[in-house]
Amino acid sequence: MKLLVCIKQVPDLESRFKPNTEGSWFNEADLAWRMNEYDEYAVEQAVQLREQLGDSAELTVLSIGPDRVVEAIKKTLAMGADNAVHIQDPAAATKDPWQIASIIAAYAKDKGFDLIFTGMQSQDRGSAQVGVTIAELLGYSCATTLVGFAFDNGTVTAKRELEGGIKGVVKLKTPALVTCQLGLNIPRYPTLPNIMKAKRKEITALAVADLLTVEPLARTASFHSPAKKGGGIVLEGDVDNLVDQLIGILKDKTAVLR
Amino acid sequence: MNFELSQDHRVLQSAVRDFVVKEIKPIAAKIDEEHMIPDTLVAKMGEMGFLGSYLPEEYGGAGMDMLSYAIVVEEVSKACGSSGVLISAHTSLCSGPIYTFGTEEQKRKWLPALNSGDTIGCFLLTEPDAGSDAGAIATTCKRDGDDYIINGSKIFITNGGYKGTGVVFATSDRSLKHKGVSAFIIDLQSEGVVILKNENKMGIRGSYTTAFALDNVRIPAANLLGQEGQGFKIAMDTLNGGRIGIASQALGIAEGAFDLALAYSKERKQFGAPICDLQAIQFKLADMYARIETSKLMTYKAACLKDAKKNYTIESAMCKMLASEAASYVTKEAIQIHGGYGFICDYEVERMYRDAKITEIYEGTNEVQRIVISKLLLS
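Those protein sequences? They're chains A and X, same order as listed. In this text, residue positions in the first sequence follow this note's numbering: the first is 1, and each later residue adds one. In this text, residue positions in the second sequence follow this note's numbering: the first is 1001, and each later residue adds one.
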C-alpha cells in the first residue's frame, strides 16, 4: 500500500511578520520556520498507518518550496516516513492553492498512492483548498477536518468535527485523501536515533517547472499590514460642554442615539 | 568560515526545543521545589536519545557529534539547569570515559544501558580533601585475586543518588600522588557502596549531589579502565570534554533567563511606557546578549574541534569559563530587569540565578580554567 503525506513549512508564529517590499509575501529575512502544525497531525496519522500495515506499506513525504523546506522533510523522515520528494520551488509562497494542488497532483497521478494525508489548512495562508483540490484532480474520494481515523481492509473510517461539537463519521474506499484537524492524535517527537536514521533515507529532488502547467486562478493582488486606526478623540472643556460634544458625536457617528 | 548550524543540526535543535517546551518547561519549577527530576522525565529523555547523543549507534547511542550534544544540553538547560547537568554529567563524565578508554568488552557491557538511560552515570573523583587538587585523592584500591577492593569516601557526586554506574578514581599508593591513581567502572548497587547523603543545595536542586562511603567495595579486575596508574590522565581528559557540557548548560541557563528578561522588558510599563524604552534597560539587554553570543561561539567551536579530532583543551577551558560567567551575569541582570518580581519565586529568573552559580565551580573551578588557559599560553 502506498501512502503520501503532503507537508508545508510555514513561518513560526512567534516570528516578526512584515510584508516584503514588493507587497507579495512576507519579508522572509525576519522569519523562523517550522512544519505547519496541521501537517504534524497528518504525518503522525500517516506514520501510525504505516506502522499498522508494516513493511507492505511505503510512506512518502512531499513538500514544495526552497531548500529550507528540507528541514521539515527531514523531521518527517525522522518521525517515520520512508522516503521523500522535494519539489524545488523558490517561489512556492507566491503560488495560489490551485497551482500548488496541481503540482502535487501532477506528481502523484501515475504513482498509485492509495491514501494521501494533508493538514486541514496551513497556518500562514489558511486557504484549506490544497487537499480537496488534489483529491478532485486525482478523482479520489475525500474527507476533511478529521478528528478520528481508522483503516481496515481498504476502507477509511473518518471521524469529522461538526458544528456544536457534533461528530460525524464517514467511510471512504481507497484511493482517498484526508485532511487532518489539530488534536487528531499526539504527534511524536523525532528522537535523536531516528534523526540519524533519517539521514540515510532518500530525498528525491524534482524541479517545479516539470510539474507546473497551470496559471493561478486567484492571483495575489496585494499583501499589506492593515492601516493603523486613528487614535481616540479626547474631549476637553467643562462638564456641560463635554456632554454636548459627546451626544453630538454619538448622534453623528454611531447608531446609539438614532 | 561558516557560523551557521547545518540543516541537520537545525532539525535536531528544533526537535529538542519542541520536547523541552512541552515536557520540561512546565515542570521546571516543580523539579526545583521537590529536589527531584521525575523518573518519567528521565525515561522520556532516554527514549529521545538525550542520554547517548554522541555515543556510536553500535553501543546504543544516537551516533551524533559533539556539537549535537552541546545543542541538546543547551536547549534542555534553557528550561531546567538540573536536567541539563543530569545529561552532561551522565554523558561526558561516565559514558564518555568508558567509550574513550574502555576495552571493546567494557563498552559492550556498560554503554547500552547508559545510552538508553536505563542506568544513570556519574563520576566519582572529588573527595573531602581533594577538589581542585585531584591528585590528592585518598580513596584506596588494593588488588585481591580477581578483584580490586576500594575504600574511601567521595563527595559532590552529580547523579550519585541514582546509584547507577560510575567511573571511580582510587589510589594504590598515595605517595605516588597522581601517578598512583587508577580508574574503575563501578556498579553503584555493589555491596559496600553507601549513600551518606544527597546534599541540599542553593541551585540545580533537582540534580542529585551525593556523598558516598565506599566500604570494602569489591570491583572485578575486568572493570579497571585503562591501565593501572592511568587514572589521573583519564580524569583530566574526561574533564576536558566535560567542560563543553557544562559550558552548554551555562549557556542554556543564560539564554533561558535572557528570553524571559527580554519579553518582560517589553511588557512591563513604568513612566507610561515599556521599560525596554529606557536606555538603562537597553544597555543591560545589549551586554547580556553579547556575553551569550560570545559564549555560544566558543562552546560550539570547542565542540567542533573535538569533532574534528583536533586539540581543544584551551577552547574547552575558555568556553566553560566564559559561559559560566555569562550565566551568572545574565541571570543576575535578568532579575534586575524584573525588579521586585524577579526576587519572587513565581518568576523563573530567581531559580535560574541560583542554578547559574554552580557552573562557575564544578568540573574545574573557573580559577582552574584560568590556570589551564595560561599554562597553555606560556608552555
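Glycine included, each C-beta is placed from N, C-alpha and C at the ideal position.
Hey, does residue i have any beta-carbon neighbour from chain X nearer than 8 angstroms?
i                     : result
residue 193 (chain A) : yes
residue 71 (chain A)  : yes
residue 34 (chain A)  : yes
residue 8 (chain A)   : no
residue 18 (chain A)  : no
residue 201 (chain A) : no
residue 109 (chain A) : no
residue 75 (chain A)  : yes
Applying a beta-carbon distance threshold of less than 8 angstroms, which residues of chain A neighbour residue i?
i                      : result
residue 1019 (chain X) : 189
residue 1102 (chain X) : Ordered by position in chain A, no residue passes the 8 angstroms Cβ test against residue 1102 (chain X), which lies about 21 angstroms from the chain.
Check the Cβ-Cβ distances between residue i and every residue of chain A, and say whether any is below 8 angstroms.
i                      : result
residue 1282 (chain X) : no
residue 1249 (chain X) : no
residue 1053 (chain X) : yes
residue 1007 (chain X) : yes
residue 1048 (chain X) : yes
residue 1057 (chain X) : yes
What does residue i reach in chain X if we use C-beta pairs closer than 8 angstroms?
i                    : result
residue 78 (chain A) : 1011, 1015
Residue i: buried (16+ other C-beta within 10 angstroms of its C-beta) or exposed?
i                      : result
residue 1320 (chain X) : buried
residue 1115 (chain X) : buried
residue 1030 (chain X) : exposed
residue 96 (chain A)   : buried
residue 1143 (chain X) : exposed
residue 1053 (chain X) : buried
residue 1310 (chain X) : exposed
residue 1026 (chain X) : exposed
residue 1232 (chain X) : buried
residue 187 (chain A)  : buried
residue 1168 (chain X) : buried
residue 1260 (chain X) : buried
residue 1333 (chain X) : buried
residue 196 (chain A)  : buried
Whose Cβ in chain A lies nearer than 7 angstroms to the Cβ of residue i?
i                      : result
residue 1062 (chain X) : 192, 193, 196
For residue i and chain B, any beta-carbon pair shorter than 8 angstroms?
i                      : result
residue 1088 (chain X) : The structure shown contains no chain B; its protein chains are A and X.
Would you mind listing the alpha helix (DSSP H) stretches within the stretch 53-84 of chain A that are 4+ residues and don't spill past its ends, in chain order?
-> 70-79
Only counting runs of 3 or more residues, tell me where the beta strand (DSSP E) segments fall wholly within the stretch 1204-1260 of chain X, in order along the chain.
-> 1209-1220
The stretch 161-171 of chain A touching the stretch 125-133 of chain A, judged by at least three CB pairs closer than 8 angstroms | no
Inter-stretch contact (C-beta, 8 angstroms, three-pair minimum) for the stretch 54-73 of chain A and the stretch 142-151 of chain A = no
Is the stretch 1282-1296 of chain X close to the stretch 1361-1369 of chain X, with three or more CB pairs under 8 angstroms?
-> no
Would you list, in sequence order, the uninterrupted alpha helix (DSSP H) runs of no fewer than 4 residues that lie entirely inside the stretch 1056-1099 of chain X?
-> 1066-1079, 1081-1090
Taking contact to mean at least 3 C-beta pairs separated by less than 8 angstroms, is the stretch 1054-1067 of chain X in contact with the stretch 198-213 of chain A?
-> no
Given 8 angstroms, three or more beta-carbon pairs between the stretch 227-239 of chain A and the stretch 16-30 of chain A = no
Which whole runs of the alpha helix (DSSP H) in the stretch 1328-1358 of chain X are 4 residues long or more, in chain order?
-> 1349-1357
Stretch pair the stretch 90-109 of chain A + the stretch 209-218 of chain A: three plus CB contacts closer than 8 angstroms | yes
Would you list, in sequence order, the uninterrupted alpha helix (DSSP H) runs of no fewer than 4 residues that lie entirely inside the stretch 1113-1173 of chain X?
-> none
Are three or more beta carbon pairs between the stretch 1095-1105 of chain X and the stretch 1230-1242 of chain X nearer than 8 angstroms?
-> yes
Please confirm if the stretch 1183-1190 of chain X is in contact with the stretch 1133-1140 of chain X, defined as three or more CB-CB distances below 8 angstroms between the two stretches.
-> no
Sufficient close CB pairs (3 or more, under 8 angstroms) joining the stretch 155-164 of chain A to the stretch 1016-1025 of chain X = no
Are at least three pairs of beta-carbons, each pair with one atom in the stretch 1291-1306 of chain X and one in the stretch 1314-1329 of chain X, less than 8 angstroms apart?
-> yes
Counting pairs of beta carbons, one from the stretch 1321-1334 of chain X and one from the stretch 1248-1263 of chain X, are three or more of them closer than 8 angstroms?
-> yes
Quick one: any contact between the stretch 1087-1094 of chain X and the stretch 1034-1041 of chain X, if contact means 3 or more CB pairs under 8 angstroms?
-> no
At a cut of 8 angstroms, does the stretch 1042-1057 of chain X reach the stretch 245-254 of chain A through at least three beta carbon pairs?
-> no
Would you mind listing the alpha helix (DSSP H) stretches within the stretch 182-211 of chain A that are 4+ residues and don't spill past its ends, in chain order?
-> 192-198
Contact the stretch 1108-1126 of chain X vs the stretch 1158-1176 of chain X: 3+ CB pairs below 8 angstroms | yes
Taking only runs that begin and end inside the stretch 84-170 of chain A, name each unbroken beta strand (DSSP E) of 3 or more residues, in chain order.
-> 115-119, 141-152, 155-161
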